[in-house]
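Structure, as structure tokens:
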Amino acid sequence: MALIEQQLAQVRARITQAEQRFSRPAGSVTLIAATKTCSVDAIRTAAASGLRSFGENYLQEALPKIRELESEHYEWHFIGPIQSNKTRDIATHFDWVHSVDRLKIAQRLSDQRPPELGDLNICLQVNISDEDSKSGVMPEDLPKLAQEIAEIPRLSLRGLMTVPAITSDFEEQRQPFRALYQLWIELRQMGLALDILSIGMSDDLEAAIAEGATLVRIGTAIFGSRPQKPLKPQQPF
Ligand SMILES: *Cc1c(COP(=O)(O)O)cnc(C)c1O
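In terms of our numbering, the sequence shown opens at residue 7 and continues consecutively.
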């Protein structure tokens with residue numbers, strides 16, 4: 007068995023065990039593979055083991071891969087920071103966007119979504135624990151943003167996403183996810199039909215599933231660790 011296949015099987019087993027341990031219905035957590043820096047071959051290998059949904063962070067990296075894999079009809083999720091001059095390509099080439107945090111971006115995605123592709127699925131990224139991060143709407147601004155985006159045509163507001171500050175402590179991992187779950191419940195009580203809680207990565211997927219994840223985005227645990235960015239060449243003395 008190829009390494010990716012083995013590691014994917016391990017990730018699936020972790021998800022199943024966490025569903026059982028935290029009394030979540032079997033099959034209630036969807037797995038998408040985060041494929042930034044992964045080759046097209048690695049994506050094909052994961053697809054051969056049954057994965058059909060892939061998440062990409064960088065448009066420049068993603069577009070050639072999506073084109074090369076076009077005939078496979080995979081589901082593509084955009085999970086990285088969004089610059090407003092990139093919305094047309096995102097609206098055209100992706101099925102999901104997990105990282106919407108501004109009205110202006112949502113409006114552009116709507117305007118630029120080709121109608122024949124159907125609604126673009128949207129999750130709002132919330133800045134729940136990492137105040138230094140520039141990504142994500144602040145919790146106090148979320149209800150208004152969610153209500154505004156829910157009204158926009160050609161977008162289907164599906165849920166919330168967060169990338170919390172990193173910690174290896176299980177209880178500390180659970181806290182931001184629990185806070186996001188509370189916000190998700192509040193939006194549902196306001197009448198928004200949200201069904202997706204996009205939380206959980208390789209090192210915290212159990213904590214996310216404990217706190218209600220319906221979708222986990224896993225990279226390293228399937229594909230191995232990513233290459234570090236090359237260091238700047240040393241200046242000569
Ligand atoms: C890279 C990335 C992931 C996957 O992270 P791993 O720790 O490699 O599993 C998930 N979500 C986002 C937004 C990412 O950028």
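Just so you know, even glycine gets a beta-carbon here, dropped at the ideal spot from N, CA and C. Bear in mind that the values here come from a model prediction, so they are computed numbers and not experimental data.
Does the distance between the C-beta of residue i and the nearest non-hydrogen atom of ligand 1 fall short of 6 Å?
i: residue 48; result: no
i: residue 225; result: yes
i: residue 85; result: yes
i: residue 139; result: no
i: residue 133; result: no
i: residue 91; result: no
i: residue 106; result: no
i: residue 208; result: yes
i: residue 171; result: no
i: residue 252; result: Because residue 252 is not part of the residues shown, which for the chain are 7 to 243, the question remains open.
i: residue 40; result: yes
Do you know whose CA, among the options, lies nearest residue i's CA?
i: residue 109; options: 143, 99 and 204; result: 143
i: residue 199; options: 114, 24, 161 and 13; result: 161
i: residue 65; options: 52, 59, 99 and 46; result: 99
i: residue 93; options: 76, 50, 77 and 112; result: 112
i: residue 20; options: 204, 216 and 163; result: 216
i: residue 102; options: 46, 70 and 38; result: 38
i: residue 169; options: 194, 15, 223 and 231; result: 223
i: residue 231; options: 27, 11, 8 and 43; result: 43
i: residue 129; options: 106, 138, 185 and 146; result: 106
i: residue 117; options: 158, 104 and 137; result: 158
i: residue 190; options: 149, 74, 171 and 114; result: 149
Note down, one range per segment and in chain order, each alpha helix (DSSP H) of at least 4 residues found wholly within the region 83 to 129.
For the alpha helix (DSSP H) assignment, the uninterrupted runs of no fewer than 4 residues enclosed by the region 83 to 129 are, from N- to C-terminal side, 93 to 99 and 109 to 118.
Per the contact definition of three or more C-beta pairs closer than 8 Å, is the region 49 to 67 in contact with the region 76 to 93?
With a cut-off of 8 Å, the region 49 to 67 and the region 76 to 93 count as touching, because enough Cβ pairs lie within range.
Any chance you could list the beta strand (DSSP E) runs of at least 3 consecutive residues sitting entirely within the region 36 to 80, in chain order?
Runs of beta strand (DSSP E) with 3 or more residues, each lying fully within the region 36 to 80, are found at 36 to 40 and 59 to 62, listed in chain order.
Report yes or no: do the region 43 to 50 and the region 133 to 140 share at least 3 C-beta pairs separated by less than 8 Å?
Taking a contact to require three or more Cβ pairs closer than 8 Å, the region 43 to 50 and the region 133 to 140 do not qualify as touching.
Are there three or more Cβ pairs, one per stretch, closer than 8 Å when the region 174 to 182 is compared with the region 206 to 226?
Between the region 174 to 182 and the region 206 to 226 there are three or more C-beta pairs closer than 8 Å, enough to call the two in contact.
Completely contained alpha helix (DSSP H) runs for the region 167 to 201, where each covers 4 or more residues:
Correct list: 176 to 195.
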